[in-house]
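Residue numbers (UniProt numbering): 1 to 168.
Heads up, the beta-carbon is just placed ideally off N, CA and C, and yes, glycines get one too.
Below is one structure; the comments refer to it alone.
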Amino acid sequence: MYAKSKWLAGDVKASREILARAFQNNPNSEEIWMAAVKLESENNEFQRARKLLEKAREIAPSPRIYLKSVRLEWCLKDLIAAKKLLMEALEQFPETPKLYLMMGQILQQEKNYSEARRYFSDGVKICPTFIPLWIWLSRLEESQNQIIKARSDLEKARLRNPKNAELW
């Protein structure tokens, strides 16, 4: 992408101008939104990145846009905003496994283990082939000294995903 080559050459202003022109021609392009957010994030312009993501969620919402939004808020340590975004995203994209995973991880970070368990469990019910959810659920149970439950979760995961080497 031309904007990226300008950015790598140190010309952030030109990169922004190129992306602005790209938006005029392709306002629904997820790739252009993501490139613009990356440009701002990499240059520590987090408020600009937030505004871009907010606009992207209005104009071209997608699981990837929401995941990037949540990740930015999480990295900036605004867990309340991250959880709010996850709730919005789960309403719109309930079959996106990474949304359940991220919500569970944030809740676990906050030591809200019962809610984390609920999101991991909901996630494996809706997305049973997404292995990281099974692993995080099992590790959560293990961290709470629920060894039998952790083992049971892994057994269920193996039954639903018998050919997945990660579970063995």
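- Taking P94 as the centre and dropping the five residues before and after it, the same chain places the C-beta of I126 closer than 7 Å to its C-beta, in chain order.
- Contact annotation: Q144 and Y100 have beta-carbon atoms that are not nearer than 9 Å.
- A distance below 7 Å between beta-carbons, with the five flanking residues on each side excluded, links L133 to the following residues of its chain, in chain order: P97, Y100, L101, F120, G123, V124, C127.
- Counting other Cβ atoms within 10 Å of its Cβ, S69 reaches 16 or more and is therefore classed as buried.
- At least 9 Å separates the beta-carbon of I80 from that of W33.
- If you draw a straight line from the Cα of A35 to the Cα of R50, it is about 13 Å long.
- Residue range 30 to 42 is occupied by the alpha helix (DSSP H) that includes E42.
- Between K4 and V12, the C-beta gap is not smaller than 9 Å, which leaves the two residues out of contact.
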